[in-house]
Amino acid sequence: MKKINILFAASECTPFIKTGGLADVAGSLPSYVDTANYEMRVIIPKYSALPKKYVDKMEYMCHFYVPLGWRNQYCGLFKLKIGKVTYYFLDNEYYFKRDQLYGEFDDGERFAFFSKAVCESILYMDFEPDILHCNDWHTALAPVFLREFYRDADKTKNIKTIFTIHNIKFQGMFSSVLLGDMLGLWGTPAAWQLLSDDHTVNYMLGALCYSDRITTVSPGYAEEICSWYYGEGLDFILRKRRDILSGILNGIDTKFYDPAKDKALVCNYDLKSLDKKKENKLALQKETGLKVDESIPMFSLISRLTEQKGLDLVTYILPHICERNMQLVILGVGDAKYEEAFSYYAANHPDKICFLPKFDEPLSHRIYAASDAFLMPSRFEPCGLSQMMSMRYATLPIVRETGGLKDSVIPYNKFTGEGTGFSFANFNAHELLGAVDEALSLWFDDKDAWRHLMENAASADFSWKASAKDYRELYRNLV
Ligand code: ADP
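Residues 977 to 1455 in the working numbering are what the sequence shown spells out, letter by letter.
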């Protein structure tokens, strides 16, 4: 069997740099894909915020210049191997020596550079990719550049491209002036597809037009983004290219998220010792100032505080939550309107609601372990990892039936007793409250049924094994 080489281009990757789920995927998928017949290497920008312990170990390979419109920009190529995975880093201090990863005034230029530099670097690296796998808008121009500027070079002319949508909401839309000035594509008729209108160039639209395969991070989201409601204006092209679009569910790092070994927990437990889980609840009640009482069900929410996550519904039902015999712990930072609402209720009902406005990884693990149920009523959810993490810790998720939430949570069926959580269909606060009440009554009235759901949730397989197999199949079918 021919060995397939894949170069995975992303804007972030654990353990080097992370702002969201993309970094988790880039950091864990390659080692699972990597087998005798597949080699996957990762390429990211060499941000100044990369931890020194990694930077010190990087090997400088070479430097070259990247043509970008009328410019020629310096680019250094560095390499680092961790375990069996090789990582490449593209260096240009003008673009990547910044305080933050995204949100800079010239993001359109920075990531056009990165996408072009990825293509150019292939000419210089000690690796011959058969496939260039790009992710989200930051790398969306690479399939365009590869086709338009690198189709004559021996090392690049046969490379196939895959583009994965992690969140279609963020497309990389900039002034159409960039098309000629920065991208060098003004005279290329096909590249005019990049224009979503007369004034705007849309990087993701470019990838959707030029890539050989398009994937997204759950089968449900792959369906949804072909519709007007979820497609964010790109549904027309996704419907046109539906035959090359597929959804592969993300996995989680089940070694890192393991209640049996997690050092962040007060008390470790596994499927056979689920009773020990309550020690974590008692400890968190103490830590957060909530009433220490194992007979009160504890719900939790760990999230970026943005509209996407369905927090309007949560805010709406908070007064009802305060009337019920339950506790709610919220961990998250984000939009001021949610922080203010959660702070208000936490201040007025300190016995019921605890709001922790920070980003704290070990604390998130303690909360996953301590809770009985986990709220995730997202407006849309490409995949979602938090619901998988909560299930891994035998905490039952309450989710809206959308995207990856629908694909990963089996709703409780009171007739058969099966399920791994609770769900509701419409983006409606009363439906969320209905699901909370359903969970509460089961918790109070039928401990055996609840225990059975906990066992189902904790034994569900969310490791990368199955998804990595799907990716390998995708790669094999493409070359
Ligand atoms: P998204 O990528 O849209 O933010 P996911 O559910 O895919 O949502 O992944 C969110 C990840 O970020 C999870 O690992 C979750 O535990 C973590 N997380 C979110 N908010 C916080 C926080 N305030 N502190 C610690 N971890 C957080």
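For every residue, glycine included, the Cβ atom is placed at its ideal position computed from N, Cα and C. Computed from a prediction, not measured in an experiment: that's the story for all the values here.
Taking the DSSP output, what are the residues bridged to residue i?
| i | result |
| --- | --- |
| tyrosine 1050 | Tyr1041 |
| aspartate 1327 | Per DSSP, none; premise fails for aspartate 1327. |
| phenylalanine 1150 | Val1177 |
| valine 1061 | Ile1058 |
| phenylalanine 1400 | Arg1376 |
| histidine 1276 | According to the sequence shown, residue 1276 is serine rather than histidine. In DSSP, serine 1276 forms a bridge with Val1305 and Phe1350. |
| aspartate 1067 | Gly1052 |
| alanine 960 | Because the chain here runs from 977 to 1455, residue 960 falls outside it and cannot be looked at. |
| phenylalanine 1139 | Cys1110 and Ile1190 |
| tyrosine 1447 | In DSSP, tyrosine 1447 forms no bridge with anything. |
| serine 1222 | Thr1191 |
| glycine 1467 | In the structure as shown, the chain starts at 977 and stops at 1455, and residue 1467 therefore has no counterpart that could be examined. |
| tyrosine 1008 | Looking at the DSSP assignment, tyrosine 1008 forms no beta bridge with any residue, so it has no partner. |
| glutamate 1035 | Lys1055 |
| tryptophan 980 | Checking the sequence, you will find isoleucine at residue 980 rather than tryptophan. DSSP, once it has assigned bridges, lists Tyr1014 as partnering isoleucine 980. |
Do residue i and the ligand ADP come close, with the Cβ less than 7 Å from some heavy atom?
| i | result |
| --- | --- |
| glycine 1045 | no |
| glutamate 988 | no |
| methionine 1365 | yes |
| arginine 1355 | no |
| aspartate 1336 | yes |
| isoleucine 1278 | yes |
| valine 1375 | no |
| valine 1309 | yes |
| cysteine 1330 | no |
| leucine 1361 | yes |
| serine 1399 | no |
| serine 1340 | yes |
| glycine 1227 | no |
| phenylalanine 996 | In the sequence as presented, phenylalanine is not what sits at residue 996; that position holds glycine. For the ligand ADP, at least one heavy atom lies less than 7 Å from the Cβ of glycine 996. |
In whole angstroms, what is the alpha-carbon distance linking residue i and residue j?
| i | j | result |
| --- | --- | --- |
| glycine 1393 | arginine 1368 | 19 Å |
| leucine 1026 | phenylalanine 1072 | 10 Å |
| alanine 1323 | glutamate 1337 | 24 Å |
| arginine 1342 | serine 1249 | 17 Å |
| lysine 1022 | glutamate 1299 | 51 Å |
| valine 1120 | isoleucine 1201 | 22 Å |
| leucine 1066 | valine 1031 | 12 Å |
| phenylalanine 1331 | lysine 1133 | 54 Å |
| phenylalanine 1150 | aspartate 1219 | 29 Å |
| valine 1193 | glutamate 1035 | 33 Å |
| arginine 1376 | leucine 1108 | 34 Å |
| proline 1165 | tryptophan 1046 | 19 Å |
| tyrosine 1078 | alanine 1093 | 18 Å |
| tyrosine 1041 | threonine 1176 | 27 Å |
| asparagine 1068 | proline 1043 | 13 Å |
| leucine 1372 | methionine 1274 | 11 Å |
| aspartate 1348 | isoleucine 1329 | 15 Å |
| isoleucine 1386 | tryptophan 1113 | 32 Å |
| serine 1152 | tryptophan 1168 | 10 Å |
| asparagine 1432 | alanine 1415 | 15 Å |
| proline 1235 | methionine 1364 | 13 Å |
| lysine 1028 | alanine 1312 | 33 Å |
| glycine 1286 | proline 1353 | 5 Å |
| arginine 1448 | lysine 1131 | 22 Å |
| alanine 985 | histidine 1142 | 13 Å |
| lysine 1237 | asparagine 1244 | 6 Å |
Measure how close the beta-carbons of residue i and residue j come, nearest whole angstrom, since I'm counting them as under 8 Å.
| i | j | result |
| --- | --- | --- |
| threonine 1191 | isoleucine 1228 | Actually they do not touch by this definition, with Cβ atoms about 18 Å apart. |
| valine 1061 | proline 991 | The Cβ separation is near 11 Å, so there is no contact. |
| leucine 1278 | leucine 1307 | According to the sequence provided, residue 1278 is isoleucine. The question's leucine does not apply to it. Indeed, because the Cβ distance is near 5 Å, the residues count as touching under 8 Å. |
| isoleucine 1020 | cysteine 989 | 5 Å |
| alanine 1208 | lysine 1145 | Rather than alanine, the amino acid found at residue 1208 in this sequence is glutamate. Yes, glutamate 1208 and lysine 1145 are in contact; Cβ-Cβ is about 6 Å, under 8 Å. |
| leucine 1159 | leucine 1117 | 7 Å |
| aspartate 1188 | threonine 1230 | With a Cβ gap of about 31 Å, aspartate 1188 and threonine 1230 do not count as contacting. |
| tyrosine 1197 | glycine 1380 | 6 Å |
| leucine 1161 | leucine 1181 | The Cβ separation is near 13 Å, so there is no contact. |
| valine 1290 | leucine 1247 | Contact flag wrong, Cβ pair sits at about 30 Å. |
| phenylalanine 1398 | tyrosine 1388 | 5 Å |
| glycine 1310 | arginine 1280 | 5 Å |
| valine 1242 | glutamate 1255 | 6 Å |
| cysteine 1110 | phenylalanine 1139 | 5 Å |
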